[in-house]
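Participant:
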């Protein structure tokens, strides 16, 4: 359809400037703006392609070929190359930042994350958040907000759900935030007792899976409760993280705007801090060839805490502690087990040196330290519990 | 077709070095090498994919889902995810650098840019330039060259046309530049009175467009002439810009070769400066969620000037002043308006602080300052007028 | 297939930490672990897409439109955009690092590399290595291992084969490395007298190839034995190389883990060094518009040496010396020639200045300098011989 528009001519020099009509749009939300039961449909979506799936895997040093090698993915019953659950988590959380957390003081934790459907090349994911709880703690203190977020694909299937707790201040005298879109409120299909949709062909595929392109040390039989795995290599994070923040859709200026970061006081001031999702992604990647190269699904995670920020120039390292190795449900139990593990990140010290220095204390949650009369470990940047479905060697 | 080549054997140690047969290929063009009426068919082309479209959008912090979300694009009548006009501009200009501007002293301005056809994933764009005018200003002074550049898709449809003015020195004693390819001169289909080709399905789509995934504050009704919008977030540019320069095809060493930059004198010397197209792209992205999230087309821009260079480490911010809000042509007028705006970039100062500091002077073109007896604003890095087709909330 | 897993509950606080069950997985291989005749099937594979092909080309400043422009590639008889041989080399070598070289002291050289089949968007490449020779030089000295590596596509066609020599120490008291996967040993289809598979349509395509989008100075007729070409532009490498290392699949921490780099002594200590394959790729790209813009195939290379490391902040430059220009085999000889050339990289000095400073000595292999009583050139970072099939202008 050819449409004729009038020609553009220069207008600015002839248009008087009116300084009374200035606006400063603000995003995110202050404490009084979170109402339990309220629903936010998050702006934008994220379209997955084999290329951005592969690029995410490579940026964060993923070693599981499921997310790198199309032929391997197809041989495991997947139709296309699936996005790593880590990528799906980063994207869904980031899509929600503009509504959920662009004004928060701190992300307190991730809870009860569950990956319920694979996301493939060709899929577009959007996100919604419901406010679950708001705890006020006095007029001059930040409150605690609990939210639930869903990622949905273009068929409105839930691909991921999780909870977060946020520390948020009252707005007070600050500029108001942009209103949410009006209109009909959609359903919020949170799954209370969720099943996971895996490819029909997966059990058969596992029976015949090639063993040559994954490590011989990462089958289910190689893990026992109590095992501690020291992941040898670190990753030095560079200024690259400014750009990577919005590659996953995160809009928070704390991660890419030095002028903003320098205007803050406290531990977040100075240089832009690395978005926590990216830190987790690097840690997961660094651990992957020792841990998850033979995983066929990441069920989810809980009790995730970023206990210290990371900055450009920091080198991050990971450690794993195996907590449980259990039979998979009947559909998969001949070929896979469910491995639950504690996953720790440290920075600017190798995992081996951190374990030597801190011993068993490294595996105590930082939030529990005070009650136990122990000091916090400032080398530690991250802690979480993860559950993986891992192939048996057979 | 299996072809047998002779085996490779090492040759260098037996081949005497002849220092009389050295050549130093040079690209770009000196003043005497621009001849009005001359046509340059630019080397290479650029193939668009959903991935590089998406990657460009995310690198430059685009918030309009048209360029991020395949389902949104399809719901607006586009067959594939279109490239953002900003990406098309960056690519077409960059394809021309090797012929047009690799030897210029300065890019003086962009004029009369018009986006005439969407560029989709799957399209390949090539570029051509015609020399329109050459102004000589004496033998020891650089001259001013005016060029017109076209971007064409693989069906030879014009996707973009614009004019640039360049400041260029005479070659004098310097090394000659590489000759242009000989052969038949193709047509140069510059559109004097252009129409814009938009998807047939766009008007119907606009009638039914979902309102949930774009901001409630960026519909046509939200803009009135005189409005000033202070875009809150900045973007700190890192050394990433070295690589981003050739990601869009720009071959100028000023942007990625520190040895070259350090060999210069004047304001361009020192570290590589950020290619102006990238600066514009970041500014556009930073403004997008306050301004163009509900745009369905960028008609074009004019009077674009990079008034100061940007370097790695600089943080850039944007401001918008609305100049006109007009009815769209009949085909779209029920559903969209045409918004003309002045768009300003500053660096290392927030937009809010820059407006506080400079007031209305921020919106006066730097080239007009002298005649008005005003000082130039060195915080300002960019100024341009843009025209957008923006959806009505209805 | 919907599978019900039990709900995740937090386990770590109730699980005692056992410090007796710690493991430190190590990859790579020590001297005694290389056994001539032994075969390593390398972990993972690499799936090529138009996007990662294009992205590699642009990152390393490729100017040959064959690897940038889908329409150009199709007009030359290729079905899809082929990956540049440089990309295929980087990927295949990187896939092997985890087995072949993650513990080596130095990569001594590349030999006899041959690109035997195009790799297209849609292809997945895996790699295998055979140990060819192990030279021991006494119990307290590192030995020399010679390996052969193959890259195979999903139809098990060899796309690339080459040899490397590695300097490797004995393991001694160090931690053992992870065992290789057990099971049936596949064939190792090294091609002793290889043919190159090029598109059937290539000769016809060359007869009609458009001349407008490639340089007029880079046809076969433009090269004569003895020509020295000084490539003008350099590329400043930034910290970007940390991420680019694993973009091609290389797992060696020397390239991205500052804590590891700082734990070393000698020339590799300090900041992470740039993976040599990336250095070669940048050099090739910088030279491409003077040299290979009209190449239709890279046959291979030999005698490749990284004579000095490069670090973030270094600016690299390239020079070419033409060694031979020969008829192509009958299938192509009307339209193309085979050009053999010596290819040199320098850093932090322009190619022109390096040639001025070092003259003919720049083209003497650094390993031959001692025998000739000459000093090594520390400005030089790379040397290799390449063979290209280049179109005739006709």
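Residue numbers (my numbering), protein chains in the order written: chain P, 9 to 402; chain D, 9 to 402; chain E, 9 to 402.
Idealized CB from N, CA, C, for every residue including glycine.
(1) If we call anything under 8 Å between Cβ atoms a contact, is residue 53 of chain P one with residue 133 of chain P?
(2) Would you verify that the beta carbon of residue 172 of chain E is, or is not, closer than 8 Å to some beta carbon of chain D?
(3) With a 10 Å radius around its C-beta and 16 neighbouring C-beta atoms as the bar for buried, classify residue 154 of chain D as buried or exposed.
(4) I'd like the list of long-range same chain contacts for residue 314 of chain D, defined as Cβ closer than 6 Å, with 5 residues on each side in sequence excluded.
(5) Spatial neighbours of residue 293 of chain E within its chain, please: CB distance less than 6 Å, with the 5 preceding and 5 following residues excluded, ordered by chain position.
(6) Helix, strand or coil: how does DSSP classify residue 9 of chain P here?
(7) Can you find a CB in chain D that lies within less than 8 Å of the CB of residue 254 of chain P?
(8) Give the straight-line distance between the Cα atoms of residue 193 of chain E and residue 397 of chain P, rounded to the nearest whole angstrom.
(9) Measuring CA to CA, which of P:211, P:131, P:271 is closest to residue 338 of chain P?
(10) Compute the distance between the beta-carbons of residue 262 of chain E and residue 280 of chain E, then report whether it is under 8 Å.
(11) Check the Cβ of residue 79 of chain D against every Cβ in chain E and list those closer than 8 Å, keeping chain order.
(12) Give a yes or no on whether the minimum CB-CB distance between residue 381 of chain P and chain E is below 8 Å.
(13) Beta carbon of residue 13 of chain E, beta carbon of residue 347 of chain P: below 8 Å?
(14) For chain D, is any of its Cβ atoms less than 8 Å away from the one on residue 371 of chain E?
(15) Would you check if the distance between the CB atom of residue 16 of chain E and the CB atom of residue 310 of chain P is smaller than 8 Å?
(16) Which residues, in chain order, does the stretch 218-234 of chain P contribute to contact with chain B at a C-beta distance below 8 Å?
(17) If we define contact as Cβ-Cβ less than 8 Å, is residue 9 of chain D a contact residue for chain E?
(18) When you compare each of D:186, D:199, D:148, D:175 to residue 164 of chain D by their alpha carbons, which one comes out closest?
(19) When the distance is taken between beta carbons, is residue 358 of chain P closer than 8 Å to residue 242 of chain P?
(20) Would residue 238 of chain E and residue 363 of chain E be called neighbours here (beta carbons separated by less than 8 Å)?
(21) Under DSSP, the alpha helix (DSSP H) around residue 303 of chain E begins and ends at which residues?
(22) Within a Cβ cutoff of 6 Å, which residues of the same chain sit near residue 366 of chain P, ignoring the five residues on either side of it in sequence?
(23) If the criterion is Cβ atoms closer than 8 Å, does the pair residue 83 of chain E and residue 295 of chain E meet it?
(24) Express the C-alpha separation of residue 227 of chain D and residue 215 of chain D in angstroms, rounding to a whole number.
(25) Along the stretch 301-316 of chain D, what residues have a CB closer than 8 Å to any CB found in chain P?
(26) On the premise that residue 291 of chain E lies in contact with residue 351 of chain E, defined as a C-beta separation below 8 Å, what is that separation, rounded to the nearest angstrom?
(27) Could you tell me whether the Cβ of residue 247 of chain P comes closer than 8 Å to any Cβ of chain D?
(28) Would you say the beta carbon of residue 324 of chain E is closer than 7 Å to some non-hydrogen atom of the ligand COA?
(29) I want to see whether chain P comes within less than 8 Å of residue 45 of chain E, judged by CB atoms only; does it?
(30) Measure the alpha-carbon distance for residue 137 of chain D versus residue 392 of chain D and round it to whole angstroms.
(31) Ignoring anything shorter than 3 residues, give me the beta strand (DSSP E) runs that lie fully in the stretch 254-291 of chain E, in order along the chain.
(32) Which residue or residues does DSSP assign as beta-bridge partners of residue 334 of chain E?
(33) So with Cβ pairs under 8 Å, would you call residue 333 of chain E a contact of chain D?
(34) Looking at the unbroken beta strand (DSSP E) that takes in residue 115 of chain D, where does it start and where does it end?
(35) Do residue 39 of chain D and residue 150 of chain D have their C-beta atoms within less than 8 Å of each other?
(36) Using three-state DSSP, classify residue 391 of chain P as helix, strand or coil.
Facilitator: Taking the structure as given:
(1) yes
(2) no
(3) buried
(4) 284, 390
(5) 68, 69, 70
(6) coil
(7) yes
(8) 28 Å
(9) P:211
(10) yes
(11) The contacting residues do not exist; residue 79 of chain D stays about 20 Å from chain E at best.
(12) no
(13) no
(14) yes
(15) yes
(16) Among the chains of the structure shown, chain B does not appear; the protein chains present are P, D and E.
(17) yes
(18) D:199
(19) yes
(20) yes
(21) Residue 303 of chain E -> not in any alpha helix (DSSP H); beta strand (DSSP E) instead, spanning 303-314.
(22) 385
(23) no
(24) 14 Å
(25) 301, 307, 308, 309, 310, 311
(26) 7 Å
(27) yes
(28) Here there are no bound small molecules, and the ligand COA is not part of this structure.
(29) no
(30) 22 Å
(31) none
(32) E:346
(33) no
(34) 114-123
(35) yes
(36) strand
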